[in-house]
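Going down the list, the protein sequences come from chains Y and C. The opening position of the first sequence corresponds to residue 1 in the working numbering, with each subsequent residue numbered one higher. The opening position of the second sequence corresponds to residue 1001 in the working numbering, with each subsequent residue numbered one higher. Notes for the one structure printed next.
Protein chains: 2
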Amino acid sequence: LNLLAELLLLLCMDRIVLIGGGNVAWHLQFALKHSTEFKVIQIYNRTLESLKDFKFVPEHIDDLSKIKEADLYIICISDHAIEEISQALEFKKGLIVHTSGATPMNVLCKHSRMGVFYPLQSFNKNKSIKYKNIPICIETNHKSDSILLKKLTKVAFGKAYFYNSEQRKKIHVAAVFVNNFVNHLYYLGYNYLENNAIEPEILYPLIKETALKIKKTHPLKSQTGPALRNDFITFDAHLEILDNPIQKEIYKLISNSISNIYGHKL
Amino acid sequence: LNLLAELLLLLCMDRIVLIGGGNVAWHLQFALKHSTEFKVIQIYNRTLESLKDFKFVPEHIDDLSKIKEADLYIICISDHAIEEISQALEFKKGLIVHTSGATPMNVLCKHSRMGVFYPLQSFNKNKSIKYKNIPICIETNHKSDSILLKKLTKVAFGKAYFYNSEQRKKIHVAAVFVNNFVNHLYYLGYNYLENNAIEPEILYPLIKETALKIKKTHPLKSQTGPALRNDFITFDAHLEILDNPIQKEIYKLISNSISNIYGHKL
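Written out as structure tokens, the structure reads:
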């Protein structure tokens, strides 16, 4: 009887095939491991070796012709390779989506049912993350398919947003500013202290507070520092003790950008 | 008997006078409100009006000649005014410190006992903060006085660090990168989405994760994004859809800085 119940449950579940063995795919299979509504049935990658950590997917394949019928195919590979690999799914009836912020949905236009499932977070296999905090940007060419992606979001992830490819590209640009570029500024701060024999960990509480503040205060209102105060003395003193030309350029350019916005010029 | 005990306790406490009525002074009196080891006995400001929120200081003054004898004077005013105001404390026996990252201890050199108590955090009167997370940079000209500042740190704040004025200036520069400049990148991301009718709150989980990651992972290792991958296609596409020249300049410069460090050139 238990076996029958399980079988019935399995029949009701939406079946997912993952394409690609990188960080996004790894976290998708991990996030869905206990789901009773979605079942990752198969994963494809060029090499099986890269799939050895994918413990929650029953079938690993490196042959595109062996891809099974499924309700949803999620392509999680490099942007430039999405279009080509999607051709291997040409005769599948399921919904085919990619997970890229920068890539238009249209690269999948050979398929009658296409979409995008873009998690706005940067993933790393070795770093656990609260999936329920991850916003998902959804796009589909059929309204009914957006229901399936919304359900997937509700089951395992954070808030669902519905944006088209142009808007998603803009979200991706903004993400580059607040994630990639911010991380680089962290690096510049850490590196500068290390080069001067100072423990960089001293910066961590400030980094954390600066980020958490944004939840309640718009960054326009939380700005502080010499550039905001139009403090030339500190500006010059800082430029003098920076180590290298690119640090100085970044210091000048961002200070000028701050001064422009708050109405005076450095 | 209770009164006597209280009196004895008061006699053993270190007495503090605060100079200045800004955000740092406000948080100092608030952080010490329940302390049994330090007692803020007085606060000075040019105008009494600005002191009306300082509920935990019994005496508010706007006349420098009325400053009392104390164990510790903490000057919390704009950098350029520290030296001048410290002259009003010329004949005091207590330790005189300022709280500025960018200002050398030497501006207090007319006093035999001088020091710096620099909290590495940006404060706002209206924003509560966990004082126990705030690192304090300490400098004094007498070793025994560093013990007093270390005790003050232990009572109410986070980790104590001992750096000289040159080192502190460098910490201040690094703080500008990871706090002021990072906040400005948050602003650029938020503003760009708002201008394109997209809710900027979608960025918040990414902002938070990017910051918290630094506790365990050095920013050199946590870098991601198009510049790191040497992805020209995304680089060009992003530059094309940015709104204004200064955004584009920042995008190019930071991308180049990332590429330089990771060994290829955009």
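Cβ atoms here follow ideal geometry from the backbone N, Cα and C, with glycine treated the same way.
Just the Cα atoms here: how many angstroms apart are residue i and residue j?
i: C:K1252; j: C:A1156; result: 43 angstroms
i: Y:K248; j: Y:G225; result: 16 angstroms
i: Y:S144; j: Y:E59; result: 28 angstroms
i: Y:N124; j: C:Y1192; result: 27 angstroms
i: C:T1047; j: C:K1208; result: 39 angstroms
i: Y:A88; j: Y:S65; result: 7 angstroms
i: C:G1020; j: C:V1176; result: 23 angstroms
i: Y:E90; j: Y:K110; result: 7 angstroms
i: C:S1222; j: C:Y1187; result: 22 angstroms
i: Y:L239; j: C:I1075; result: 26 angstroms
i: Y:S146; j: Y:M105; result: 13 angstroms
i: C:A1174; j: C:L1220; result: 15 angstroms
i: C:N1126; j: C:V1182; result: 21 angstroms
i: Y:G94; j: Y:L148; result: 11 angstroms
i: C:H1184; j: Y:H184; result: 14 angstroms
i: Y:V178; j: C:L1206; result: 8 angstroms
i: C:L1003; j: C:K1055; result: 22 angstroms
i: C:S1112; j: C:I1067; result: 18 angstroms
Leaving aside the five residues before and after residue i along the sequence, list all residues of the same chain whose C-beta is less than 6 angstroms from its C-beta, in chain order.
i: Y:Y163; result: C137
i: Y:E153; result: Strictly speaking, residue 153 of chain Y in this sequence is Thr, with Glu absent from that position. Around Y:T153: I136 and A160.
i: C:G1189; result: L1203
i: C:G1158; result: K1132, N1133, I1134 and P1135
i: C:I1061; result: Y1044
i: C:F1117; result: V1097, T1099 and L1149
i: C:D1071; result: D1014, R1015 and G1094
i: Y:Y73; result: V17, L89, G94 and I96
Any beta carbon from chain C within less than 8 angstroms of residue i's own beta carbon?
i: Y:Y163; result: yes
i: Y:E249; result: yes
i: Y:V178; result: yes
i: Y:H184; result: yes
i: Y:P205; result: yes
i: Y:S65; result: no
i: Y:K169; result: yes
i: Y:N133; result: yes
i: Y:L152; result: no
i: Y:L253; result: yes
i: Y:N260; result: yes
Should residue i go down as buried or exposed, given a rule of 16 or more other Cβ atoms within 10 Å for buried?
i: C:D1063; result: exposed
i: C:L1108; result: buried
i: C:I1241; result: exposed
i: Y:A5; result: exposed
i: C:K1130; result: exposed
i: C:A1081; result: exposed
i: C:Y1262; result: exposed
i: Y:P245; result: exposed
i: Y:D231; result: buried
i: C:E1166; result: exposed
i: Y:K215; result: exposed
i: Y:K52; result: exposed
i: C:I1233; result: exposed
i: Y:T36; result: exposed
i: Y:H34; result: exposed
Is residue i close to chain Y? Criterion is C-beta to C-beta, closer than 8 angstroms.
i: C:F1181; result: yes
i: C:N1196; result: yes
i: C:Y1187; result: yes
i: C:E1059; result: no
i: C:T1210; result: yes
i: C:G1158; result: yes
i: C:P1104; result: no
i: C:V1173; result: yes
i: C:R1122; result: The sequence given here has Ser at residue 1122 of chain C, not Arg. So yes, C:S1122 belongs to the interface.
i: C:I1082; result: no
i: C:Y1192; result: yes
i: C:S1257; result: yes
i: C:I1129; result: yes
Can you give me the Cβ contacts of residue i inside the same chain, cut-off strictly under 8 angstroms, excluding the 5 residues immediately before and after it?
i: C:I1202; result: L1193
i: C:V1057; result: L1018, Q1029, V1040, I1041, Q1042, I1043 and L1051
i: Y:E199; result: L193
i: Y:L10; result: K39
The ligand MG heavy atoms versus the CB of residue i: any closer than 7 angstroms?
i: C:F1030; result: By its list of ligands, the structure shown contains no ligand whatsoever, and the ligand MG lies outside what it can speak to.
Please go through the same chain and pick out, in chain order, the residues whose beta-carbon is closer than 7 angstroms to the beta-carbon of residue i, but skip the five residues on each side of it.
i: C:A1025; result: L1018, I1043 and C1076
i: Y:I85; result: I19, I75 and I77
i: C:F1038; result: M1013, D1014, I1016, L1032, L1152 and V1155
i: Y:A102; result: D79, K169 and H172
i: Y:S122; result: N179
Using a C-beta to C-beta distance shorter than 9 angstroms, which residues of chain B count as neighbours of residue i?
i: Y:L242; result: The structure shown contains no chain B; the protein chains it does contain are Y and C.
Mind checking the region 1213-1237 of chain C against chain Y and listing, in chain order, the residues whose C-beta falls within less than 9 angstroms of any C-beta there? K1213, I1214, K1215, K1216, T1217, H1218, P1219, L1220, S1222, Q1223, T1224, G1225, P1226, A1227, L1228, R1229, D1231, I1233, T1234 and A1237
Mind listing which residues of the region 1026-1050 of chain C have their C-beta closer than 7 angstroms to chain Y's C-betas, in chain order? Residues: none.
Please list, in chain order, the residues of the region 83-101 of chain Y that have any C-beta partner in chain C closer than 8 angstroms. none
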